[in-house]
Amino acid sequence: MPTESEFLALKSRVNELEDRLMFLYRRFNIDYADPNSDPARSPQIQDALRRGNKIEAIKLYREMTGVGLAEAKSAMDRAEQFIK
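With this note's numbering, letter number 72 in the sequence shown gets 57, and the count goes up by one each step, no holes.
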């Protein structure tokens, strides 16, 4: 079991690494999407939509969420509006 000082050192290191990661995201203009927050923002779905492959995006969305075709299509219609 880690001591309190070891825990605090680890927490500090994690915070430092998160800051560095966010710097890289901003530096290379990469959007961070928490895959647990919205499956439509997953990198695989975003990539499929950028390539114009909406069918693949719908398929991926359905696999991730278990929703029906109509709901997945509606979600991808909304997601397409935010593609850069």
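Beta carbons: idealized from backbone N, C-alpha and C, even for Gly.
How should residue i be labelled, buried or exposed, when 16 other C-beta atoms within 10 angstroms of its C-beta is the threshold for buried?
i: A(-6); result: exposed
i: S27; result: buried
i: A55; result: exposed
i: L45; result: buried
i: I40; result: exposed
i: I30; result: buried
i: I43; result: buried
Contact defined as beta carbons within less than 8 angstroms: I believe residue i pairs with residue j. What is the distance between those atoms, to the nearest angstrom?
i: A25; j: A60; result: 5 angstroms
Along the chain, where does the alpha helix (DSSP H) containing residue i start, and where does it finish?
i: I30; result: 28 to 35
i: A42; result: 39 to 50
i: N0; result: -11 to 12
i: D62; result: 54 to 65
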